[in-house]
Amino acid sequence: MFSLNRTFARMIIYNWLYTFGKYLMLMGRTFSRPERLRMFWKKYVTEMAALGVDSIGIVLLISFFIGAVICIQMKLNIQSPWMPRWVSGYTTREILLLEFSSSIMCLILAGKVGSNIASELGTMRVTQQIDALEIMGINSASFLILPKVMGLITIMPFLVVFSAATGILGAYATAYIGHVLTPDDLTVGLQHSFIPWFLWMSIIKSSFFAFIISSVSSFFGYTVEGGSVEVGKASTAAVVNSSVLILFSDVFLTQLLS
């Protein structure tokens, strides 16, 4: 039994190292100099619009309601006569800046953007479009993946700022419409002991998460073998692995940047 467990563990480690090695080799091909800079910039702008701009709607919607819910929960569960009335606004700001607008929002985008990237590249692989690019002498990894990676890294900080601002608007909507707390108390809490580095920390973390989402999803889509069923499996694997890596890296980045 012990020997069987050791064999199983070795197989898992071997498969992980094999996959990680393939990922590094693909990234090495991806980050080579583009053969046609004009075509690269055109695809770069297109990918920014497809991956980032098209995600603004869902980011704003989720952030608005999450900001409102956080404000309500903080007021109902941590407020007491012994605490200042601005504590709810202070904790709402800290949660939005430190975790939600960077980590949680990137987890949500991993499902939307990651599955989109993996399914697009996977479909191109099974329909032999990537093979056609290789036959024409084009570095398909750099041509297809690099604009996606750079586009998402570029647009992600803007999504983080929009998310934090919209979450604060949701908190104000709670104050004005729901009368959970007064807008003046919320404003005092939002301004209390504000540390600008927290906003920069969210932006830095989101840039790392954007790289994880785009590169991991591109890897699973680019390396699909089989037919349409495998494309679906690759899309699921891209979302799951991206989410797990975001959670792991969030721990180390938070410790490193704090």
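All residue numbers for the sequence shown refer to the working numbering, where the first residue is 2 and numbers rise by one.
Beta carbons: idealized from backbone N, C-alpha and C, even for Gly.
Span separating the alpha-carbon of residue i from that of residue j
i, j, result
"residue 101", "residue 198", "16 Å"
"residue 162", "residue 204", "8 Å"
"residue 150", "residue 128", "23 Å"
"residue 17", "residue 219", "17 Å"
"residue 236", "residue 42", "26 Å"
"residue 85", "residue 189", "10 Å"
"residue 135", "residue 141", "6 Å"
"residue 79", "residue 253", "28 Å"
"residue 95", "residue 108", "19 Å"
"residue 154", "residue 209", "8 Å"
"residue 173", "residue 105", "21 Å"
"residue 167", "residue 51", "21 Å"
"residue 103", "residue 20", "27 Å"
"residue 40", "residue 251", "34 Å"
"residue 38", "residue 211", "23 Å"
"residue 230", "residue 258", "41 Å"
"residue 122", "residue 222", "5 Å"
"residue 57", "residue 179", "26 Å"
"residue 186", "residue 25", "51 Å"
Closest residue to residue i among the options (Cα-Cα distance)
i, options, result
"residue 201", "165, 231, 189 and 187", "165"
"residue 145", "209, 32 and 13", "32"
"residue 196", "231, 99 and 62", "99"
"residue 59", "139, 191, 110 and 15", "110"
"residue 193", "15, 92 and 35", "92"
Integer Cβ distance of residue i from residue j, believed to fall under 8 Å
i, j, result
"residue 53", "residue 118", "Between residue 118 and residue 53 the Cβ distance is about 12 Å, and since that is not below 8 Å, they are no contact."
"residue 114", "residue 214", "6 Å"
"residue 181", "residue 76", "5 Å"
"residue 240", "residue 116", "5 Å"
"residue 224", "residue 72", "Contact flag wrong, Cβ pair sits at about 44 Å."
Closer than 8 Å to chain D by CB, residue i
i, result
"residue 257", "Here there is only one protein chain, and chain D is not present."
Residue ranges of each alpha helix (DSSP H) run of no fewer than 4 residues wholly in the segment 167-239, ordered along the chain? Taking only runs of at least 4 residues, the alpha helix (DSSP H) segments lying wholly in the segment 167-239 are 184-192 and 197-223.
Which runs of the alpha helix (DSSP H) fall wholly inside the segment 49-89 and span at least 4 residues, in chain order? The DSSP assignment places complete alpha helix (DSSP H) segments of no fewer than 4 residues inside the segment 49-89 at 57-78, in order along the chain.
Can you give, in chain order, each stretch of the beta strand (DSSP E) that sits fully within the segment 6-44 and has at least 3 residues? Taking only runs of at least 3 residues, no beta strand (DSSP E) segment lies wholly in the segment 6-44.
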